[in-house]
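Residue numbers (my numbering): 32 to 384. Even glycine gets a Cβ: it sits at the ideal position worked out from N, Cα and C. On a predicted model such as this, the values are computed, not experimentally measured, just so you know.
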Ligand SMILES: Cc1ncc(COP(=O)(O)O)c(C=O)c1O
């Protein structure tokens, strides 16, 4: 059917986004890097206390913003509450990216960077992680000399797990004279590496964090964007006034109030990531070091069978073969000890047979 109103060229050019699989409830969900245990009991209690009046009212942000700013050791003027990282990415694009502006990515990476950049009609300058999942630092520094408008960088990166240290990040920021550098720290709790304190030093730095991963609030959609206060005041102008809902505010506050739950979970995941690595090595299965709550595994030509047979056992992992244009690569989320033992048992059985 011909549409009455012409669709924007940028949208017409985009490939349709295929939403991930549904029907995951009750399975061992090692496919989306979520908290595999669930949110903390304190979050559940806080949500249960939501009043009818609170639900009926438009959200009020200031108190939550102040509390979260205190938790993250920034000033309220350096923080934007967002509807997950997605909202932060879109806000950056809406504020800074004109049609045909250049956006730098190192792929494979989180798909939403390309999604929002393409939606805005940007031109993508895409570099690639190499076959050892190493970050192409020298190439990035070279491309930055041509002053792309925005550089989206996930640290650690999803799906490769690659983690850049502070010295590499400093080189990038110092080279990015006329580029806004967005460092997406969605997996910070599992990597321990952050550039958040640098927002005062680098006026072209944006840092994003999310409550979707370690804190287990993916279903509520809440995150934070941090930047120099001058940058934040510009970004706020372009932000939807009510993008974060009241349940998400209440849950985020409860999550930081009981920060111990998140810390303990992250610590357990880091231990289990090592245990999974040891088990994979013992089976002779190749994998890549990861700074996140997931491991990228190379099952070679047996990957499709492995994925199918894990699914038959109720274990979901994420097929990442298309990202690399070759068979083999599967991303597995790291969860609790019992969950990892179940996964390792299944892998042992099906790898030998
Ligand atoms: C690097 C990265 N950033 C952000 C997100 C999603 O964050 P949110 O749920 O806050 O939109 C993901 C989820 O997979 C991710 O891998």
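Ligand 1 approaches residue 254 closely enough that one of its heavy atoms is under 7 angstroms from the residue's Cβ.
Residues 265, 266, 268 and 269 of the same chain have their beta carbon placed closer than 8 angstroms to that of residue 126, with the five preceding and five following residues left out of the count.
Going by C-alpha positions, residue 374 is about 38 angstroms away from residue 169.
The beta-carbon distance between residue 253 and residue 115, rounded to whole angstroms, is 6 angstroms. This is short enough to meet the 8 angstroms contact definition. Under the DSSP assignment, residue 168 falls in the alpha helix (DSSP H) whose first and last residues are 168 to 175.
Where residue 254 is concerned, the enclosing beta strand (DSSP E) starts and stops at 254 to 258. The DSSP-derived three-state label of residue 154 is strand.
Counting along the chain, residue 185 sits inside the beta strand (DSSP E) bounded by residues 181 to 185.
In the three-state reduction of the DSSP assignment, residue 178 falls in the coil class, being assigned neither a helical nor a strand state. The nearest non-hydrogen atom of ligand 1 is 7 angstroms or more from the C-beta of residue 297. Residue pairing by DSSP places residue 62 opposite no residue, since no beta bridge is assigned to it. Rounded to whole angstroms, the gap between the alpha carbons of residue 272 and residue 162 is 43 angstroms. Approximately 11 angstroms separates the beta-carbon atoms of residue 68 and residue 364; this is outside 8 angstroms, ruling out the contact.
Here residue 256 is buried, its C-beta having at least 16 other C-beta atoms within 10 Å. Residue 243 has its Cβ nearer than 7 angstroms to a heavy atom of ligand 1.
Around the beta carbon of residue 244, a 10 Å sphere encloses 16 or more other beta carbons of the protein chains shown; the residue is thus reported as buried. At a Cβ-Cβ threshold of 8 angstroms, residue 209 and residue 140 do not count as neighbours. Within 7 angstroms of the C-beta of residue 115 there is at least one heavy atom belonging to ligand 1. About 6 angstroms separates the beta carbons of residue 174 and residue 156, which is inside the 8 angstroms limit, making them a contact pair. Between residue 184 and residue 238, the C-beta gap is not smaller than 8 angstroms, which leaves the two residues out of contact. Following the DSSP letters along the chain, one finds residue 236 inside the beta strand (DSSP E) bounded by residues 236 to 241.
Residue 321 and residue 154 have their alpha carbons spaced roughly 30 angstroms apart.
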